[in-house]
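For the sequence shown, the residue numbers in full-length UniProt numbering are 1 to 147. Built from N, CA and C at the ideal position, the CB exists for glycine as well. Single-structure report; data block below.
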Amino acid sequence: MALDRLRATLPAPGPTVELTAAPSAQWLAVAAGRKGGLPDAARHVLTAVDRLRFAHLYADGALVAVGRGTVTGEGRWLGLSLIEVVPEFRGRGLARQVVRALADWGADSGATDVFLQVEQRNTPAVTLYRSLGFTTHHTYLTRVAPA
């Protein structure tokens, strides 16, 4: 999807979203929330690209929403992933604010198009992203080695 099209669907910037070049321990904990944890290699995989930002949105001093943005494909693509809101703060538009901050950063970094990764079983997130104009391009299947 064209990045300017996405930005046109998003609300004006609201609460301050802090963007950092590396995930904090709190960021990793929030991102892992729905998954029940992240494997040890996750931090390396999450930071293995040069142009990336980790979004942190705080409310009352607590980290309540996160997201990850990368600029890839020779600067053309903004990739959005691991957008997560803690359960008690869901439904308040915070994911949209995280997407807004990362979309603005991506545009400022020269990206012109955007893609995102979302777990298809996360129905509220899929509904949100469809409302922003995203469509399914393809799906992934994650396999885990037996214990």
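Coil, strand or helix - Phe89 by DSSP: Start at 1 with the first residue of the sequence shown, and residue 89 comes out as number 89. Under the three-state reduction of DSSP, Phe89 is assigned to helix.
Continuous beta strand (DSSP E) assignments of at least 3 residues falling wholly in the UniProt domain "N-acetyltransferase" (17-147): Taking 3 residues as the shortest admissible run, the UniProt domain "N-acetyltransferase" (17-147) contains the following complete beta strand (DSSP E) segments, listed from N- to C-terminal end: 17-20, 52-59, 62-72, 77-85, 113-116.
Are the region 123-142 and the region 45-53 touching by the rule of at least three beta carbon pairs closer than 8 angstroms? no
From Ala12, Gly33, Ala29, Ala8, pick the residue whose C-alpha is nearest to that of Asn122; which is it? As a first step, residue 122 is located in the sequence shown; it is residue number 122 there, counting from the start. Ranking the options by Cα distance to Asn122, first place goes to Gly33.
Give the DSSP-derived three-state secondary structure of Ala12 in the structure shown. If you number the sequence shown from 1, residue 12 lands on position 12. It is coil, neither helix nor strand.
Once the 5 residues before and after Val30 are set aside, which same chain residues still bring their CB inside 7 angstroms of it? Here residue 30 refers to the residue found at position 30 when the sequence shown is read from its first residue. Leu63, Val66, Glu84, Val86, listed in sequence order.
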